[in-house]
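Accompanying notes for the structure given below.
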Amino acid sequence: MAPFRYLIRGLIDGALSTLGIVLGASIGGNAKVIMAAGLSGGMANAVSNLLGAFMAERASILAGFRRYERAMVGSDIKLKDTKIYKAKKREIWIGGVYDCLSTFLGSVVPVLPFAFVDVRTGITAAVVTTLVLLFALGVGIGRISRENMLISGSKMAIFGILTALLALSIEFFFR
Amino acid sequence: MAKVRRLVLDVMVPNIADVTKLAQDVADVKTVHGANILVSEIDKEVINLKVIVEGDNLKINEIEKVIAQHGGTIHSVDNVVAGKEIVEDVETPQD
């Protein structure tokens, strides 16, 4: 379940943040610039998620270990030197790699239309494809959490629309 | 010197330890033939275990090392069986 959680999180993160990048970069009107900005931004986001997952979760695990070490009365065991830590570290790395790859995968979605159509059409296509992805992810999340899939999908799509509107308003400000 | 054939240990491990993996690792020790781990008590942070180990020439420090790798510690050695064969304990009228 944990890798699936990271997969969903990464896809949402990559798609939404890169949608913002491509909409902002569309001010230049150059498809190559938009694609380069989108993909490099997505890649940086992916690496940052890998690092973030590792550093933050590692710190959280080590902090949690102290509670158990204190409870081990009569023992000076350091859980950092045990197989428990090795197993946890492996889990973090797997999660981080899932997060990283899915973030980059998600970032490809809003960039891809610019490879096939002109910038103007590409902007609309980037928003639409990202919204479709977000809606599909929302439906998936709704199915897993046994909630209304349509509502869950719509909620995600609304977040996508809000992000697009905010990014476009910034782009409009600099126009 | 007579060889140790069975050990019964009172062990405490943190509640995040994998007891199944611990049993497998104890059983993987060269001199161990088999391991049996019973959970005697669980609380929020720790689990108390009764670890029964049988083998040819058991070395407690080897088993202790494996337990430590899982974050555990031996509280007490509750039973030791040594010699050419395993002698089971018997009930006496006093029991």
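So the protein sequences, as listed, match chains A and G. The numbering of the first sequence is our numbering, which starts it at 48 and goes up by one. The numbering of the second sequence is our numbering, which starts it at 5 and goes up by one. Ideal Cβ positions, reconstructed from N, Cα and C, are used throughout, including at glycine. These figures come from a predicted structure and were not determined experimentally.
Contact with chain G by residue i, beta-carbon distance below 8 angstroms
i	result
A/Arg-52	no
A/Ala-106	no
A/Leu-126	yes
A/Ile-131	yes
A/Ala-100	no
A/Arg-114	yes
A/Gly-121	yes
A/Ala-110	no
A/Leu-172	One point to set straight first is that residue 172 of chain A is Ala, not Leu, in the sequence displayed. No - not a single Cβ of chain G is within 8 angstroms of the one on A/Ala-172.
A/Ala-287	What is shown of chain A runs 48 to 222, which leaves residue 287 of chain A out entirely.
Spatial distance of residue i from residue j (CA atoms)
i	j	result
A/Ser-216	A/Ala-78	20 angstroms
A/Met-82	A/Glu-138	33 angstroms
A/Asp-128	G/Asp-32	20 angstroms
A/Lys-133	A/Ser-107	15 angstroms
A/Thr-65	A/Val-158	8 angstroms
G/Ile-71	A/Arg-114	19 angstroms
A/Leu-178	A/Ile-188	15 angstroms
A/Val-186	A/Gly-200	5 angstroms
A/Glu-116	G/Val-17	10 angstroms
A/Ala-211	G/Asp-22	46 angstroms
Beta carbon proximity, residue i to chain A, threshold 8 angstroms
i	result
G/Ala-27	no
G/His-74	yes
G/Glu-49	yes
G/Thr-35	no
G/Ile-20	yes
G/Thr-96	no
G/Thr-77	yes
Delimiting residues of the alpha helix (DSSP H) encompassing residue i
i	result
A/Ala-214	196 to 221
G/Lys-48	Premise fails: G/Lys-48 is in no alpha helix (DSSP H) and is neither H nor E.
A/Arg-190	166 to 191
A/Leu-159	Per DSSP, A/Leu-159 belongs to no alpha helix (DSSP H) and is neither H nor E.
A/Asn-77	Segment: none, A/Asn-77 is in no alpha helix (DSSP H) and carries neither H nor E.
G/Ala-31	23 to 31
Rounded distance between the beta-carbons of residue j and residue i, thought under 8 angstroms
i	j	result
A/Thr-180	A/Ala-62	In the sequence on display, residue 180 of chain A carries Leu and not Thr. That pair is a contact at about 5 angstroms.
G/Lys-54	G/Asp-14	7 angstroms
G/Leu-11	G/Ile-67	7 angstroms
A/Gly-89	A/Val-155	7 angstroms
G/Thr-77	A/Ile-124	6 angstroms
Identified DSSP bridge partners for residue i
i	result
G/Gly-38	G/Glu-58
G/Val-80	Checking the sequence, you will find Ser at residue 80 of chain G rather than Val. DSSP, once it has assigned bridges, lists G/Asp-14 as partnering G/Ser-80.
G/Ala-1	Past the edges of chain G, shown from 5 to 99, lies residue 1 of chain G, and the structure says nothing about it.
Host beta strand (DSSP E) of residue i (start-end)
i	result
G/Met-16	8 to 18
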